[in-house]
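Below is the structure:
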């Protein structure tokens, strides 16, 4: 196996570039944004949500359709989504969500960011978690 690429290519470079535009939030900051009307969007696969639980009130959008749900001009966008609304994307540990948040900003969601440490940081912070149910 070769060493990871550290130049202008590779996933670590892409992740670093994505995070330069984000003001990542802690679990408690995400909870406060949600309380103030921001959206928390869980992009974890169904299997992870079933195994570990969910953030109460978070919307679930599988990563495979995320851009269509977050594009304010898409006919498939989330109902009520506004371009200047705070949106916090959540994955397991805060890597895929950084990439997704950067993409959401490119789609016009000016306040999109992600949860630093992901769902596991939320749970470790002792914030509420609900039991997930299988998708219909």
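Numbering (this note's numbering), first residue to last: 1 to 136.
Note that the Cβ used here is the ideal one computed from N, Cα and C, for glycine as well.
None of these values were measured; they are calculated from a predicted model.
message = The beta strand (DSSP E) that contains residue 39, what's its start and end?
response = Here residue 39 corresponds to residue number 39 of the chain shown, with the count starting at 1. Looking at the DSSP string, the run of the beta strand (DSSP E) that includes residue 39 is 39-42.
query = Can you name the residues that DSSP bridges to residue 114?
reply = Taking the first residue of the chain shown as position 1, residue 114 is located at position 114. Paired residues: 89.
query = Of all the options 39, 68 and 63, which has the alpha carbon lying nearest to the alpha carbon of residue 46?
reply = As a position in the chain shown, residue 46 is number 46, starting the count at 1. It is 63.
ask   = Do the segment 64-71 and the segment 12-24 make contact, defined as three or more Cβ pairs closer than 8 Å?
value = Taking one beta carbon from each stretch, the segment 64-71 and the segment 12-24 have fewer than 3 pairs nearer than 8 Å; the two do not touch.
ask   = Could you give the distance in angstroms between the alpha-carbon of residue 11 and the alpha-carbon of residue 73?
value = Taking the first residue of the chain shown as position 1, residue 11 is located at position 11. Taking the first residue of the chain shown as position 1, residue 73 is located at position 73. Distance between the alpha carbons of residue 11 and residue 73 is about 29 Å.
message = Tell me the rounded alpha-carbon separation between residue 119 and residue 94.
response = In the chain shown, residue 119 corresponds to position 119, counting from 1. In the chain shown, residue 94 corresponds to position 94, counting from 1. Approximately 8 Å, taken between the alpha carbons.
task = Can you say whether residue 113 is buried or exposed, counting buried as having 16 or more other CB atoms within 10 angstroms of its CB?
result = Residue 113 sits at position 113 when you count from the first residue of the chain shown. Buried.
key: residue 55 versus residue 97: straight-line alpha-carbon distance, rounded   = Sequence index remark: in the chain shown, residue 55 carries index 55 (1-based). Sequence index remark: in the chain shown, residue 97 carries index 97 (1-based). Taking the straight line from one Cα to the other gives about 15 Å.
ask   = If we ignore side chains and look at the alpha-carbon of each, how far apart do residue 131 and residue 48 end up?
value = Along the chain shown, one-based indexing puts residue 131 at 131. Along the chain shown, one-based indexing puts residue 48 at 48. Those two C-alpha atoms are separated by around 11 Å.
task = Kindly provide the ranges of any alpha helix (DSSP H) runs that are 4 or more residues long and lie completely inside the segment 25-66, ordered along the chain.
result = Runs of the alpha helix (DSSP H) inside the segment 25-66: 27-35 and 46-52.
Exposed unless 16 or more other CB atoms sit within 10 angstroms - verdict on residue 44 = Residue numbering aside, residue 44 sits at position 44 when the chain shown is read from its first letter. Buried, because 16 or more other Cβ atoms sit within 10 Å of the Cβ of residue 44.
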